[in-house]
Amino acid sequence: AQSVTQPDIHITVSEGASLELRCNYSYGATPYLFWYVQSPGQGLQLLLKYFSGDTLVQGIKGFEAEFKRSQSSFNLRKPSVHWSDAAEYFCAVGRGGYGNKLVFGAGTILRVKS
Amino acid sequence: DAMVIQNPRYQVTQFGKPVTLSCSQTLNHNVMYWYQQKSSQAPKLLFHYYDKDFNNEADTPDNFQSRRPNTSFCFLDIRSPGLGDAAMYLCATSRAGVSYNEQFFGPGTRLTVL
């Protein structure tokens, strides 16, 4: 069965510092991978996605992620964090099929200190 | 702007009193999903519609039902809400059949059960 692990429940970084959020997945075939962000009390917004091709994908708000098949990882990065990036981040893997069903990781809460 | 709309944003109901949550979309997507997200947890898929075909997840309680009267609208009915059903309910849409498309989420409805 497909699964997603986000090993860090909370991460705190200083404003302006770099960020890396970890995501490991388990999937039998080529995965469809996503990162979503959720601000408190809000729905999920797509940051970026990987289907195929270039393993380094660029997203919105200055985020990028790198797909590493050998490590079953899809880590999210940002070179310089802004206070407005404080939110919860979810990694997800697509289970495929016509329904495009997603399996989410447990999420990582990002705190930004000034 | 094309979007996914959920009403109401906050819903309070009494233990055992039926409640209906609403989702509408202007994206003309053929797949609609309902997720349950409890506090500090990942979204959990309850069911989805592919056009008019209803697909229930195996572990979704019978207490949860859904209706999709047309392409634009989808409803989540909770027949007898229990305290454990208090959660954020997220509606999402996607366009299946044309490569693998991401899901677009609404802002969610926060359900409180008294």
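First to last, the protein sequences are chains A and B. The numbering of the first sequence is the numbering used here, which starts it at 1 and goes up by one. The numbering of the second sequence is the numbering used here, which starts it at 115 and goes up by one. No residue lacks a Cβ here, since even glycine has one placed at the ideal position from N, Cα and C.
- Burial check for MET117 of chain B: the Cβ neighbour count within 10 Å stays below 16, so the residue is exposed.
- With a threshold of 16 other beta carbon atoms within 10 Å, SER180 of chain B meets it and is buried.
- For LYS68 of chain A, the uninterrupted beta strand (DSSP E) run begins and ends at 64 to 68, by DSSP.
- DSSP lists A:TYR36 as the bridge partner or partners of LEU46 of chain A.
- Restricting attention to A:LYS101, A:VAL93 and A:SER84, the CA atom closest to the CA of GLN38 of chain A is found in A:SER84.
- VAL93 of chain A counts as buried, since at least 16 other C-beta atoms from the protein chains shown sit within 10 angstroms of its C-beta.
- In this model, LYS113 of chain A and PRO195 of chain B are separated by some 39 Å (Cα to Cα).
- At a cut-off of 8 Å between C-beta atoms, GLY222 of chain B counts as an interface residue with respect to chain A.
- Annotation: Cβ neighbours of PHE219 of chain B in chain A (cutoff 7 Å, chain order): GLY43 and LEU44.
- For GLN151 of chain B, the uninterrupted beta strand (DSSP E) segment begins and ends at 145 to 151.
- Bridge partners of ALA87 of chain A according to DSSP: A:LEU110.
- With respect to the C-alpha of TYR164 of chain B, the residue from B:ALA156, B:ASN142 and B:LYS152 having the closest C-alpha is B:ASN142.
- It is roughly 19 Å from the alpha-carbon of GLN128 of chain B to the alpha-carbon of SER153 of chain B.
- Within chain A, no C-beta atom comes nearer than 7 Å to that of PRO122 of chain B; the closest sits roughly 13 Å away.
- With a threshold of 16 other beta carbon atoms within 10 Å, LEU135 of chain B meets it and is buried.
- Annotated as proximal: VAL145 of chain B and SER208 of chain B, with beta-carbon spacing under 8 Å.
- Chain A places a beta carbon closer than 8 Å to that of GLN155 of chain B, counting this residue as a contact.
- Between the region 69 to 84 of chain A and the region 9 to 23 of chain A there are three or more inter-stretch CB-CB distances shorter than 8 Å, so the stretches are counted as touching.
- Against PHE67 of chain A, chain B offers no close residue; the least beta-carbon distance is about 14 Å (beta-carbon pairs closer than 9 Å).
- Taking C-alpha positions only, ALA156 of chain B is separated from GLN6 of chain A by approximately 11 Å.
- Close partners of LEU204 of chain B in chain A (Cβ separation under 8 Å): GLY43 and LEU44.
- A residue is called buried once 16 or more other Cβ atoms fall within 10 Å of its Cβ, and SER26 of chain A, having fewer, is exposed.
- Ranked by Cα distance from CYS91 of chain A, the first of A:GLU15, A:TYR36 and A:LYS101 is A:TYR36.
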